[in-house]
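In full-length UniProt numbering, the protein residues as written are 1 to 737.
Okay, structure first, notes after.
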Amino acid sequence: MQLQFQTARLSRPSRTAQDQRVGWLGQLRVGQKLSLTALAFGVPLTILVSIMLAGQQSNISFAQRELSGLQLFGPLSAISNNVNAFMDGALEGDTARAEKSAAGVDAALDALEPMVDPIYRSRIEEFRKEWKVLPDAIGTQADLSIVQAFSSLTANYQRGMTEDALTQSGLMLDPVADTFFTMDATLRILPEILTRLHVASLTAEAGLREPGDDSAYLELIRRLNVQMESALVAYQSSVERAVRVNPALEDTLGKSAQTFADSLTPVLADLNAAVEKGTLNGVNASSIEDGASLKGTATLNVGTKVLGGLLQERVDDARRQLLIALTLVAAALILAFTLLIRLSRSIVKPLSELTRASRALTQGDLNVQVPVQTRDELGFMAYTFNNATAQLRANEQKNVAEREEAQRLQGNIGSFLDVTMDIAGGDLTRRGVVSEDVLGNVVDSINVMVDELGAVLGEVQKASASVTSASREMLGTTDQIVRGADTTTAETRRVAEQVQAVTEGFREMADAARQSAESARQALAASQQGREAVLGTLDGMQNIRREVQGVSRRIKTLGERSLEIQEIVDTISRLSSQTNLLALNASIEAAGAGAAGSRFAIVADEVRKLADSSAQATARIASLIRTVQLEITEVVTSVEDGTREVEQGYRVAATAGERIEELGTLAAQAAQFAERINAATTEQVRSVEQVSESVQQIGQVAEQSHESVQQGRDAAQRLQHLAQNLLQSLSRFKLPS
1 MQLQFQTARL
11 SRPSRTAQDQ
21 RVGWLGQLRV
31 GQKLSLTALA
41 FGVPLTILVS
51 IMLAGQQSNI
61 SFAQRELSGL
71 QLFGPLSAIS
81 NNVNAFMDGA
91 LEGDTARAEK
101 SAAGVDAALD
111 ALEPMVDPIY
121 RSRIEEFRKE
131 WKVLPDAIGT
141 QADLSIVQAF
151 SSLTANYQRG
161 MTEDALTQSG
171 LMLDPVADTF
181 FTMDATLRIL
191 PEILTRLHVA
201 SLTAEAGLRE
211 PGDDSAYLEL
221 IRRLNVQMES
231 ALVAYQSSVE
241 RAVRVNPALE
251 DTLGKSAQTF
261 ADSLTPVLAD
271 LNAAVEKGTL
281 NGVNASSIED
291 GASLKGTATL
301 NVGTKVLGGL
311 LQERVDDARR
321 QLLIALTLVA
331 AALILAFTLL
341 IRLSRSIVKP
351 LSELTRASRA
361 LTQGDLNVQV
371 PVQTRDELGF
381 MAYTFNNATA
391 QLRANEQKNV
401 AEREEAQRLQ
411 GNIGSFLDVT
421 MDIAGGDLTR
431 RGVVSEDVLG
441 NVVDSINVMV
451 DELGAVLGEV
461 QKASASVTSA
471 SREMLGTTDQ
481 IVRGADTTTA
491 ETRRVAEQVQ
501 AVTEGFREMA
511 DAARQSAESA
521 RQALAASQQG
531 REAVLGTLDG
541 MQNIRREVQG
551 VSRRIKTLGE
561 RSLEIQEIVD
571 TISRLSSQTN
581 LLALNASIEA
591 AGAGAAGSRF
601 AIVADEVRKL
611 ADSSAQATAR
621 IASLIRTVQL
631 EITEVVTSVE
641 DGTREVEQGY
651 RVAATAGERI
661 EELGTLAAQA
671 AQFAERINAA
681 TTEQVRSVEQ
691 VSESVQQIGQ
701 VAEQSHESVQ
711 QGRDAAQRLQ
721 HLAQNLLQSL
731 SRFKLPS
């Protein structure tokens, strides 16, 4: 029971200190800490896995978006085919075919517009506007102009709609090499080659139908050939890159592209030969449509099918990878959860045994034992705990023997306390009994100390008697010194008052001299400031004079420029008169030419109106210039008057500056005289103040001597009192004889 009380008493402060240092983590159980650790590792891993799975899903969504984007190229292909058919029918005079193709273009545009994002619909609206103009040009313009308009329409808008579709679908940003190069060759370059090939066919047909010079048609064909040759090289390069990345495309995309290139090469050679010969004779335009165009369309279909297959294969692969990743993640989570449970049990169970045993130990049970089941840190803790309990049992046996020894020591201490109480009461003749335990050495030491203390107190009584007699003699001597110090202090105070009166008189004289010097310095400063102000005024007047002169020169230059402008206006007026005359002559010539000159007559009439407008404008300009010249003349006169007034003010300011310079010289001389007077009076005041300080120092020394003597007398009195008190205190001790 006594051991339990001591254990609780010793452990309670330690437990309180631990409660003060323990944070929120220390309040959790080991199982909760393990769960928190698993959560700390599991949450980041879950986030990383989620990001990885989100990336996989993003790749799937991107590929599906590209597959959906391929649907946009159906209406785009229909637009291209119907526009080509319309041009063929319109130029050949097949009205029914042209109308049917035009309706097909409108239907394809209506089908395409809902599929396109709103940000890209402006291109479709622009294409509609340009497309409506093309049918109206049939029959009213030459075939070459119609072909050029068709070429511009396809180059500017149809190709732009293709780029918008590629951007919207994400095909333009495809990260996979074989898909990107297949898209680039099939959806970007090949449609452009087919469109230019069709324009070249239409150009050749138009040139063959229209007799005469073929140079304009040949020039257009030459430009188209250069563009098709460059595009063909780019097409073959993209196909080769796609095949190099994915050799499986060789049997489909590679062979189809090679077939198209083989059919297009002779067509380009024939067109180049016609350009070199300078005639379209011998060019078979229908073979272009029936040969290279048909094979190009077939190649386009093959490339589109291959591209769709690649995208679908990528979506399927990504989905398989996502499913595999989900399966692996689920298996890893199950395995980790199972391992965590087993680890938690292997840690929590031994800790529970240790906790139970430690609670029993705190309640006083020293026979507790913890089974050692593992070889890890927990097993070592159990082994250490068992050793600690064995050590506690041995300590308990030792404590029992120590308590018996403590009881014997307690009795010896009680008897020695009685002796120490008598010694504390003043009886220095008492001595303690020296025992054989630890207390014996202490008692022996205290007995020796009491002997020495009795001897010392005897000597102190003798010394205190001697101090009392000496302090009485010292008090008599200090009284005489105090009276002499009082007399010296009174005389020094009277001399100090007389010196202070003399010092005040000299100080008043010094103040008057100082004020005079200060007034002289202020007058000198004021004169210098006035001189600087006049100099600044002179500089400002000089600057104003220069600025006014510069303004006068610039205004004169402006008047000269207005005269030059007047000459230019006169020249323009003469040109407008001549232009009016030429326009009148052109109108007469156009009227004589009859119907053929009607358009030229309209142009001549517009030129005449323009000449009349120019004449009226030049008349107004001339009037404004004359007004400006009159105002410039008035300003020049005003500026010259201001210049003369500035010159007069400058001379007056210079005269004032000279007068202020003379006043400054006189003020400087007066300031020098006042400074000399001030210096002399200051030196006199300093000498008198030194005398006053010497007298004051003498008085202070006398006062300090008086205070020192008084302090000595007080110390002698205190010493006498202390000696008497010491004798009274020692009288209560009983000293050994």
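Ideal Cβ positions, reconstructed from N, Cα and C, are used throughout, including at glycine.
Quiz item: From this set, Q700, A525 and V83, which residue's C-alpha is nearest I146's C-alpha?
Solution: Working through the sequence shown from its first residue, we reach residue 146 at position 146. Closest by alpha carbon: V83.
Quiz item: Quick one: Cα of M421 to Cα of V433, how far?
Solution: Locating residue 421 in the sequence shown gives position 421, where the first residue counts as 1. Locating residue 433 in the sequence shown gives position 433, where the first residue counts as 1. Their Cα atoms are separated by approximately 14 angstroms.
Quiz item: When the distance is taken between beta carbons, is I60 closer than 8 angstroms to A298?
Solution: Within the sequence shown, numbered from 1, the residue matching residue 298 stands at position 298. Within the sequence shown, numbered from 1, the residue matching residue 60 stands at position 60. Note that the C-beta distance between A298 and I60 is not below 8 angstroms.
Quiz item: In this structure, does DSSP put Q141 in helix, strand or coil?
Solution: The residue you call residue 141 lines up with position 141 of the sequence shown. Q141: coil per DSSP, three-state reduction.
Quiz prompt | Span separating the alpha-carbon of M381 from that of N367 | solution = By 1-based counting over the sequence shown, the position of residue 381 is 381. By 1-based counting over the sequence shown, the position of residue 367 is 367. C-alpha separation (whole angstroms): 17 angstroms.
Quiz item: Which of the three DSSP states, helix, strand or coil, is assigned to V419?
Solution: Numbered from its first residue, the sequence shown carries residue 419 at position 419. Three-state result, V419: helix.
Quiz item: So, using beta-carbon positions, are L72 and A165 closer together than 8 angstroms?
Solution: In the sequence shown, the residue the question calls residue 72 occupies position 72. In the sequence shown, the residue the question calls residue 165 occupies position 165. Taking 8 angstroms as the Cβ cut-off, L72 and A165 qualify as a contacting pair.
Practice problem: Confirm, please, whether the CB-CB distance from L232 to I193 is below 8 angstroms. | Solution: Position 193 of the sequence shown, counting from 1, holds the residue named residue 193. Position 232 of the sequence shown, counting from 1, holds the residue named residue 232. Yes, they are a contact pair.
Quiz item: Is T374 helix, strand or coil when you go by DSSP?
Solution: Position 374 of the sequence shown, counting from 1, holds the residue named residue 374. T374: coil per DSSP, three-state reduction.
Exercise. Drop a sphere of 10 angstroms on the beta-carbon of M449, count the other beta-carbons inside from all chains shown, and report buried for 16 or more, exposed for fewer.
Key: Residue numbering aside, residue 449 sits at position 449 when the sequence shown is read from its first letter. It is exposed - the Cβ of M449 has fewer than 16 other Cβ atoms within 10 Å.
Practice problem: Compute the distance between the beta-carbons of F385 and L354, then report whether it is under 8 angstroms. | Solution: Within the sequence shown, numbered from 1, the residue matching residue 385 stands at position 385. Within the sequence shown, numbered from 1, the residue matching residue 354 stands at position 354. Cβ atoms of F385 and L354: closer than 8 angstroms.
Quiz item: For the putative contact between D347 and L34, defined by C-beta atoms under 8 angstroms, what is the C-beta separation to the nearest angstrom?
Solution: The residue given as residue 347 occupies position 347 in the sequence shown. The residue given as residue 34 occupies position 34 in the sequence shown. Correcting the residue type first, residue 347 is Ile in the shown sequence and not Asp. About 7 angstroms separates the two Cβ atoms, so the contact holds.
Practice problem: Mind checking which residues open and close the alpha helix (DSSP H) that includes D213? | Solution: Mapped onto the sequence shown, residue 213 falls at position 213. Taken as a continuous stretch (DSSP letters only), D213 belongs to no alpha helix (DSSP H), as it is neither H nor E.
Quiz item: What residues in its chain sit with their C-beta under 8 angstroms from that of E560, if we drop five residues either side in the sequence?
Solution: Here residue 560 refers to the residue found at position 560 of the sequence shown. Cβ neighbours of E560 beyond the five flanking positions: none.
Exercise. Give the secondary structure of V275 by DSSP, where H, G and I count as helix, E and B as strand, and everything else as coil.
Key: If you number the sequence shown from 1, residue 275 lands on position 275. Note: V275 maps to helix in three-state DSSP.
Quiz item: Which first and last residues belong to the alpha helix (DSSP H) in which P118 is found?
Solution: Your numbering for residue 118 matches position 118 in the sequence shown. First-last for P118: undefined, no H or E at that position.
Quiz prompt | DSSP state of V433 mapped onto helix, strand, coil | solution = For this step, residue 433 is matched to residue 433 along the sequence shown. Coil.
Self-check item: Selected residue, minimal CA-CA separation from A177, among L53, F41 and L311
Solution: Counting from one through the sequence shown, the residue named residue 177 turns up at place 177. Checked all of L53, F41 and L311; the closest Cα to A177 is L311.
Practice problem: Would you kindly work out how many angstroms separate the C-alpha atoms of E229 and G303, rounded to a whole number? | Solution: Looking up residue 229 in the sequence shown gives position 229. Looking up residue 303 in the sequence shown gives position 303. Answer to the nearest angstrom: the Cα atoms are 20 angstroms apart.
Practice problem: Excluding the 5 residues preceding and the 5 following A234 in the sequence, name in chain order all residues of the same chain whose CB lies nearer than 6 angstroms to its CB. | Solution: Within the sequence shown, residue 234 is the residue found at index 234, counting from 1. The answer, listed in chain order, is I189.
Exercise. Would you kindly check if the distance between the Cβ of L280 and the Cβ of L197 is under 8 angstroms?
Key: On the sequence shown, residue 197 is found 197 positions in, with the first residue counted as 1. On the sequence shown, residue 280 is found 280 positions in, with the first residue counted as 1. Not closer than 8 angstroms, so no.
Quiz item: Looking at the structure shown, is D251 part of a helix, part of a strand, or coil, going by DSSP?
Solution: Counting from one through the sequence shown, the residue named residue 251 turns up at place 251. Coil at D251, not helix or strand.
Self-check item: Run of the alpha helix (DSSP H) containing P114, from where it starts to where it stops
Solution: Counting from one through the sequence shown, the residue named residue 114 turns up at place 114. For P114, there is no enclosing alpha helix (DSSP H), as DSSP marks it with neither H nor E.
Practice problem: Reducing DSSP to helix, strand and coil, say where Q363 ends up. | Solution: Position 363 of the sequence shown holds residue 363. In the structure shown, Q363 sits in coil (DSSP, three-state: anything other than H, G, I, E or B).
Quiz prompt | Unbroken alpha helix (DSSP H) run spanning V83, endpoints | solution = Numbered from 1 along the sequence shown, position 83 holds the residue referred to as residue 83. From DSSP, the alpha helix (DSSP H) with V83 extends over F73 to E92.
Exercise. Locate the alpha helix (DSSP H) running through M183, then write down its first and last residues.
Key: By one-based count along the sequence shown, residue 183 stands at place 183. Start and end: A177 to M183.
Practice problem: Give the DSSP-derived three-state secondary structure of L218 in the structure shown. | Solution: In the sequence shown, counting from the first residue as 1, residue 218 sits at position 218. Taken through DSSP and simplified to helix, strand or coil, L218 comes out as helix.
Exercise. Excluding the 5 residues preceding and the 5 following G308 in the sequence, name in chain order all residues of the same chain whose CB lies nearer than 6 angstroms to its CB.
Key: Here residue 308 refers to the residue found at position 308 of the sequence shown. Excluding residues within five positions, the ones whose Cβ falls inside 6 angstroms are L70.
Quiz prompt | E683 to Q669 span [Cα, whole Å] | solution = Against the sequence shown, residue 683 aligns to sequence position 683. Against the sequence shown, residue 669 aligns to sequence position 669. Using only the alpha carbons, I get a separation of about 22 angstroms.
Quiz item: Out of curiosity, what's the CA-to-CA distance linking R574 and E634?
Solution: Numbered from its first residue, the sequence shown carries residue 574 at position 574. Numbered from its first residue, the sequence shown carries residue 634 at position 634. Spanning the two alpha carbons is a distance of roughly 31 angstroms.
Quiz item: So, G282 versus A269, is the Cβ gap smaller than 8 angstroms?
Solution: Along the sequence shown, read from residue 1 onward, the residue named residue 282 stands at position 282. Along the sequence shown, read from residue 1 onward, the residue named residue 269 stands at position 269. Not a contact, by the Cβ cut-off of 8 angstroms.
Quiz prompt | For N447, the three-state DSSP class (helix, strand or coil) | solution = Mapped onto the sequence shown, residue 447 falls at position 447. Three-state result, N447: helix.
Quiz item: Around the C-beta of N225, are 16 or more other C-beta atoms found within 10 angstroms, so that it is buried, or is it exposed?
Solution: In the sequence shown, counting from the first residue as 1, residue 225 sits at position 225. It counts as buried.
Self-check item: Cβ separation of T162 and L76, assumed to be a contact under 8 angstroms, to the nearest whole Å
Solution: Residue numbering aside, residue 162 sits at position 162 when the sequence shown is read from its first letter. Residue numbering aside, residue 76 sits at position 76 when the sequence shown is read from its first letter. Yes, they are in contact, since the Cβ atoms of T162 and L76 sit about 6 angstroms apart, within 8 angstroms.
Exercise. Determine the DSSP secondary structure at Q369, reduced to helix, strand or coil.
Key: Indexing the sequence shown from 1 puts residue 369 at position 369. Looking at Q369 - three-state DSSP - the assignment turns out to be coil, as it is neither helix nor strand.
Quiz item: How is D19 classed by DSSP in three states: helix, strand or coil?
Solution: One-based indexing of the sequence shown puts residue 19 at position 19. Residue confidence is low: D19 scores 45 on pLDDT, short of 50, so the model does not pin down where it sits. No coordinate-derived value is stated.
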